[in-house]
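Okay, structure first, notes after.
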Amino acid sequence: MRELYRRFGALLLLFLAVTFFLAVRDDVIRLYAVDMAEEYRSAYLPVEGWGASIAMRGVVRSSKRISSVAAFIDAHTEGRLEVVEGKSWEEIFAGVLAPPETSPLPDRRASDTWRASYYFLPKEDPFPDVFREMKSADQAFRFLKLSAPSGPRFIGMTVQGPEDAMSAGAPSWILYPFRRFAAVPLLLALFVYLIFPPRKKAPAGALVYPKWSSWILPDLMGLLFSCIFFAFPFFLAPAIFGSGNVLNIADGGIILTLVFWLMAAIFASILYWSAKYASFSLELLPGAMMLRTLGKEQRIPYIAIESAGIADYRPPKWLRTTLFIASLGSWRMLGHALLLSSRSDWGIELRMKHGDPVKFLCSNLPGAERIVEALRREGVNISPELESVFSERDDR
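Here is the structure:
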């Protein structure tokens with residue numbers, strides 16, 4: 007079973023690495039400087055340009071009664087103002103209001119160059135109280151006001167979801183809390199797959215499946231596509247549901263996640279078959295066969311074999327028929343139906359005198375003719391169908 011443990015252990019670690027790399031926070035805080043004097047001037051400046059909407063805006067502005075700056079600020083911030091005080095807030099204001107090139111918050115600055123913005127976590131001091139109030143009031147934006155000897159200063163505070171924060175270029179260490187740890191499970195996955203547990207080598211001269219075509223390439227395909235479909239919900243949940251929680255039941259995101267993770271599980275099943283091929287070896291010893299399969303090792307004396315015949319490994323007939331019927335309604339299904347029907351996988355089934363039959367796949371097993379030669383040599387009854395398979399191979 008070590009081949010199975012190796013593969014699925016590596017897969018689980020890769021899933022953990024994907025989760026660490028893509029898991030995103032639900033809420034982050036964006037701060038930016040607000041110049042109330044500039045806001046005041048912009049509110050009463052003449053509107054320039056052409057068009058009906060521009061003209062209407064000009065009429066509205068010209069009809070406004072010019073108020074004092076203080077009255078404008080009161081009206082502009084009504085219902086959206088939070089007055090703050092304390093040393094922590096003073097440090098926040100100093101960093102956000104400073105010129106970007108001299109700000110002491112370079113690691114928190116967004117990459118969006120339109121406006122210098124800085125990102126923080128809701129749990130960081132001094133934000134928890136304001137964040138809770140905004141959440142309870144169902145508000146995403148507030149003006150923050152701090153009194154100073156030179157006059158009040160203002161900054162804007164926005165609670166952003168992951169999609170908006172990504173668009174604004176929020177620092178990755180703020181948005182992706184576990185990304186810096188993603189390399190650890192990734193390296194562990196490589197270690198588990200390549201080194202631990204030690205791969206059991208097949209005995210010299212034993213029949214084994216080709217390494218590249220039977221398990222290395224299937225392993226790569228299974229691991230790659232499983233991780234791709236496992237990762238899809240982490241991209242889609244923020245864009246569709248505005249949340250980084252891929253298992254959110256309230257908004258139905260869990261349904262989308264389970265659909266993609268089911269597809270990931272389908273590709274992960276490839277690893278089970280590649281583990282079976284990697285574990286297989288067959289020694290043709292004098293008087294007996296030594297068969298090693300996934301989690302099992304058995305010695306099969308030739309004298310205990312009643313007969314040997316063909317084992318059909320093709321997809322079941324009902325599945326092939328169903329696909330052909332489905333292709334009548336969708337031409338895309340015809341290719342799948344033809345592909346499955348054209349497969350000619352076969353194996354050898356050893357019917358035992360006492361006990362259950364033993365069978366294994368031979369269509370991709372180099373040196374499979376040696377099995378029939380050994381059976382003939384030991385006087386085991388071989389079915390005409392099995393003899394014909396090797397006769398055709400000899401003719402080619």
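Okay, so the sequence shown: first residue is 7 according to the working numbering, each after it adds one. Glycine included, every Cβ here is placed at the ideal spot set by N, Cα and C. All of these numbers come straight from a predicted model, not from anything done at the bench.
In its own chain, which residues sit with a C-beta less than 6 Å from the C-beta of residue i, not counting the 5 before and 5 after it?
i	result
I79	M42
M296	E289 and R305
Y124	L37, V102, L111, R114 and R115
D225	S280
E355	G315, A317, P363 and K365
C368	G353, I354 and A374
G167	G248
L19	P191, L194 and A195
V378	F396
H82	none
From residue i to residue j, what distance separates their C-alpha atoms?
i	j	result
L345	Y319	Because L345 carries a pLDDT of 49, less than 50, the predicted location of this residue cannot be relied on, and no value is offered for it.
V395	I388	11 Å
V53	L87	At V53 the pLDDT is 48, less than 50, meaning the model places this residue with poor confidence; the figure from the coordinates comes in the next sentence. Approximately 28 Å, taken between the alpha carbons.
G211	A310	23 Å
R31	A237	16 Å
L196	W279	20 Å
A49	R148	19 Å
M269	F235	6 Å
E393	I246	60 Å
A122	E107	10 Å
S73	R159	20 Å
D33	S142	14 Å
L213	G250	50 Å
P155	S117	32 Å
F241	K151	36 Å
A374	G248	57 Å
A274	G228	5 Å
F21	A189	12 Å
E84	A77	10 Å
K129	C233	32 Å
L127	I222	44 Å
L194	F26	14 Å
R12	Y199	5 Å
R138	Q145	10 Å
Y46	L192	54 Å
D351	K359	26 Å
L384	P204	The question names Leu, yet the displayed sequence has Glu at residue 384. Their backbone Cα atoms lie some 36 Å apart in a straight line.
G175	Y182	12 Å
E391	A256	59 Å
V75	G157	13 Å
W218	I276	14 Å
Bridge partners of residue i, per DSSP?
i	result
P307	A294
K302	T299
R115	Y124
S287	R298
V364	L356
S313	R357 and N387
With DSSP run on the structure shown, which of helix, strand or coil describes residue i?
i	result
S404	No information on residue 404 is available, as it lies outside the stretch 7 to 402 that the chain covers here.
K217	helix
A212	coil
E45	helix
M7	coil
R36	strand
S394	helix
G250	coil
E355	strand
L346	Reliability fails at L346, whose pLDDT of 46 lies under 50, so the model's placement of it is uncertain and the value that follows must be treated cautiously. If DSSP states are grouped into helix, strand and coil, L346 belongs with the helices.
D318	strand
L19	helix
I255	coil
L371	coil
With a threshold of 7 Å on Cβ separation, who are the neighbours of residue i within its own chain once the five nearest residues in sequence on each side are excluded?
i	result
L300	M7, E9, L10, A281, K282 and S285
A23	A188, P191, L192 and A195
L371	L213 and Y215
Leaving out five residues before and five after residue i in sequence, what residues of the same chain have Cβ atoms less than 8 Å from its Cβ?
i	result
P239	V252, G259, L262, T263, F266 and W267
W179	D113, R185 and R186
D135	none
P132	V90, G92, S94, W95 and I98
V40	F149, F160, I161 and G162
A100	P110
Looking at residue i and the ligand ZN, is the gap between the Cβ and the nearest heavy atom below 6 Å?
i	result
E355	This structure does not include the ligand ZN; it has no bound ligands of any sort.
Inset, instruction - Mind listing, in chain order, the continuous beta strand (DSSP E) runs of no fewer than 3 residues lying wholly within the stretch 128–204? - result: 147–152 and 159–166
Inset, instruction - Only counting runs of 3 or more residues, tell me where the beta strand (DSSP E) segments fall wholly within the stretch 75–111, in order along the chain. - result: 87–90
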